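Undergrad: Sharing a structure here in structure tokens format.
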Amino acid sequence: MAEPSTTLSPAPSSEAPAGRRAGIGDALRALELDTRMVGMIGALAIVWIGFDILTGGAFLTPRNLWNLSVQTASVGVMATGMVLVIVTRNIDLSVGSILGFTGMVVGVLQARILPEIWGFDHPMTWVVAVLAAVAVGGAVGAVQGAVIAYLGVSSFIVTLGGLLVWRGAAWWVTTGQTVAPMDGLFKRLGGGFEGAIGAGPSWAVGIAAVLLSVAAILVTRRRRAGFGFPVRPLWAEGVVILLVAAAIVGAVLVVNSYPLPVPVVRRMMEAQGLSTDGTLPFVAHGFAIPVLIALAVGVAMTFLSRRTRFGRYVFAIGGNPEAAELSGINTRRVMVMVFGLMGALCGLSACIATARLNAATNANGTLDELYVIAAAIIGGTSMAGGVGTILGAMLGAMVMQSLQSGMVLLGVDAPMQNIVVGLVLVAAVYVDTLYRRGLK
């Protein structure tokens, strides 16, 4: 008699979870996402959620997020330039003082000098003021860069001296007097309800940003394919486009959810001859002008660092200065240009900060060098040089400002805020050290 056959069920395999993990890993690699950037976004999300819980839901509100973006703009603009400075194995400790000095120059220019030429509230006042700030800041930065490049003085010493010199010069411009108020059109550069573009233009900006992002992704894919480089699978390309579009649309929804104050809406309607009886309409802030300036600077600096000869020279110098010089790169000239660019961005940030205060003060920009350097380092710029991204620095600026904003909502005093910022900076450098060790 034949023995009955038995069917043995397969034992549970421990390889299934490993296979699933491998599948997830393959998917992430196909997306070609920067792991450090993903970690930065994750850290920002943890900070936001943590503060929202601790503040009872006061942090993740349209009002606070709108104010947070405006507060980040000035430091974010300077952080993009600090990336290139640190990439070349240098440092600039004078950015806050340059901001204060150029801010005083701009204040005097539009409050005392230009009104004598063409009167107050002239439509060209804000244009001349911004150009003057960028020119003065660029000249100051270029002078410091020339001392570093051609005289061989350490950037730490030169910019430390600049920190003292330009802070003193800011006082000397008006002998310590505060200059106020600023030009009416110039004030819009600082945000506020006057510096908000409204719901409709915000949607236009958002749609344009989505279209430009999609075009940039597709052009990059075609160029890589044309040179024979590997490209993402189509599904991965679609996922990246969806993520970018979702982030942009989400930002537009947030800024359009923050309404203008009722008295402001009433004054606007009265100025247009409309009735203010009954319930007033919802009027959104939309994007703030300083935020749009910061985003435009971020895009321009990303293009400069990735797509131009100057950007390639900067990273070549940071990777190996001796090899860069032997290859024919004029390293001294590039160094002067890097510090000149840093100074020009300080001048632009001075316009944002001065317009936001509606006054030029001697204290403007104090300790900004700490936040700018910390933003660049937290964003992944290596103190060893040769590594850094503009997007990372701007995210780092957002992290720094989020920490400060959250602690203000919790009622943490200023000394403790400085302690937290210092500890975060040290932790960021330590994480960068571990990351570089892992690459070796």
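The opening residue of the sequence shown carries number 15 in this note's numbering; numbering runs sequentially from there.
Backbone N, C-alpha and C define an ideal beta-carbon position, used for all residues, glycine too.
None of the values given here were measured: they were computed from a predicted structure.
#1: Tell me which residue opens and which closes the alpha helix (DSSP H) that T86 is part of.
#2: D291 to A285, Cα distance in whole Å?
#3: State whether the region 257–264 contacts the region 166–175, with contact taken as three or more CB pairs (one from each stretch) at a distance under 8 Å.
#4: Given 8 Å as the limit, is there contact between the region 302–319 and the region 103–118, that is, 3 or more CB pairs closer than that?
#5: Which whole-angstrom value is the C-beta distance of L417 and V445, which I expect to be below 8 Å?
#6: When DSSP labels each residue in this structure, what does P273 get in the three-state scheme?
#7: For the alpha helix (DSSP H) holding A146, just list the boundary residues, first then last.
#8: According to DSSP, A210 sits in a beta bridge with which residue or residues?
#9: Among the candidates V141, A389, R77, whose CA atom is the shortest distance from the CA of G410?
#10: Suppose the cutoff is 6 Å on Cβ atoms and the five residues either side in sequence are ignored; what does the same chain contact list for V279 look like?
#11: Determine contact between the region 137–146 and the region 94–104, defined as no fewer than three beta-carbon pairs at a distance below 8 Å.
#12: Below 8 Å, how does it come out for the region 46–56 and the region 388–406: are there three or more Cβ pairs, yes or no?
#13: Quick check: the Cα distance between I112 and R43, rounded to an integer number of angstroms?
#14: Taking the alpha-carbon positions, what's the G220 to S169 distance?
#15: Where G312 and G90 are concerned, what is the direct C-alpha to C-alpha distance, given to the nearest angstrom?
#16: For V193, write down the residues that DSSP places opposite it in a beta bridge.
#17: Hey, would you say W132 sits closer than 8 Å to Y272, going by beta carbons?
#18: Any beta carbon from chain C within less than 8 Å of A374's own beta carbon?
#19: With M397 as the anchor, note down where its alpha helix (DSSP H) starts and where it stops.
#20: How about V161 and A373: are their beta carbons less than 8 Å apart?
#21: Of the residues L448, S88, V187, which one's Cα is nearest the Cα of L381?
#22: Any idea if D427 is buried or exposed, counting beta-carbon neighbours within 10 angstroms, 16 or more meaning buried?
#23: Can you tell me which of V61, A213, P335, R370 puts its alpha carbon nearest to the alpha carbon of F200?
#24: Going by other Cβ atoms of all chains shown within 10 Å of its Cβ, with 16 needed for buried, is V276 buried or exposed?
#25: Whose C-beta lies closer than 6 Å to the C-beta of S83 among residues of the same chain, with five residues either side of it excluded?
#26: Could you give the distance in angstroms between the alpha-carbon of I366 and the alpha-carbon of G214?
#27: Relative to the C-alpha of G152, which candidate in F241, A358, Q85, L203 has its C-alpha closest?
#28: Determine the DSSP secondary structure at A44, reduced to helix, strand or coil.
TA: Considering the structure as presented:
#1: One-based indexing of the sequence shown puts residue 86 at position 72. That run of the alpha helix (DSSP H) goes 76–101.
#2: Taking the sequence shown and counting its residues from 1, the one referred to as residue 291 is at position 277. Taking the sequence shown and counting its residues from 1, the one referred to as residue 285 is at position 271. Spanning the two alpha carbons is a distance of roughly 14 Å.
#3: no
#4: No: the two stretches stay apart, fewer than three of their Cβ pairs being nearer than 8 Å.
#5: In the sequence shown, residue 417 corresponds to position 403, counting from 1. In the sequence shown, residue 445 corresponds to position 431, counting from 1. Between V445 and L417 the Cβ distance is about 16 Å, and since that is not below 8 Å, they are no contact.
#6: As a first step, residue 273 is located in the sequence shown; it is residue number 259 there, counting from the start. Three-state result, P273: strand.
#7: As a working mapping, residue 146 is identified with position 132 in the sequence shown. Per DSSP, A146 belongs to the alpha helix (DSSP H) from 139–165.
#8: Residue mapping note: residue 210 aligns to position 196 of the sequence shown, counting from 1. Note: A210 sits in a beta bridge opposite A302.
#9: By 1-based counting over the sequence shown, the position of residue 410 is 396. Selected option, being the one with the closest Cα: A389.
#10: Counted from its first residue, the sequence shown places residue 279 at position 265. Cβ within range, chain order: L294, V297.
#11: no
#12: yes
#13: Position 98 of the sequence shown holds residue 112. Position 29 of the sequence shown holds residue 43. Rounded to whole angstroms, I112 to R43 spans 43 Å at the Cα level.
#14: Here residue 220 is taken as the residue at index 206 of the sequence shown, counted from 1. Here residue 169 is taken as the residue at index 155 of the sequence shown, counted from 1. For G220 and S169, the distance between alpha carbons rounds to 40 Å.
#15: Against the sequence shown, residue 312 aligns to sequence position 298. Against the sequence shown, residue 90 aligns to sequence position 76. Approximately 8 Å between the Cα atoms of the pair.
#16: Residue 193 sits at position 179 when you count from the first residue of the sequence shown. Answer is A374, bridged to V193.
#17: On the sequence shown, position 118 is the one that residue 132 refers to. On the sequence shown, position 258 is the one that residue 272 refers to. No.
#18: Included in the structure is just one protein chain, with no chain C present.
#19: As a first step, residue 397 must be located in the sequence shown, where it is residue number 383. Per DSSP, M397 belongs to no alpha helix (DSSP H) and is neither H nor E.
#20: The residue given as residue 161 occupies position 147 in the sequence shown. The residue given as residue 373 occupies position 359 in the sequence shown. Not in contact: V161 and A373 (Cβ atoms no closer than 8 Å).
#21: Sequence index remark: in the sequence shown, residue 381 carries index 367 (1-based). Closest by alpha carbon: S88.
#22: Within the sequence shown, the letter at position 413 stands for residue 427. Classification for D427: exposed.
#23: For the purposes of this step, residue 200 is identified with residue 186 of the sequence shown, where counting begins at 1. If we check each option's Cα against that of F200, R370 comes out closest.
#24: Here the question's residue 276 lines up with position 262 in the sequence shown. Flag for V276 reads exposed.
#25: Along the sequence shown, one-based indexing puts residue 83 at 69. Non-local beta-carbon contacts of S83 in its own chain, meaning distances under 6 Å to residues more than five positions away in sequence, involve V305 in chain order.
#26: Position 352 of the sequence shown, counted from the start, is the residue given in the question as residue 366. Position 200 of the sequence shown, counted from the start, is the residue given in the question as residue 214. So the two alpha carbons sit approximately 23 Å from each other.
#27: Indexing the sequence shown from 1 puts residue 152 at position 138. Nearest option by C-alpha distance: A358.
#28: Residue mapping note: residue 44 aligns to position 30 of the sequence shown, counting from 1. Helix.
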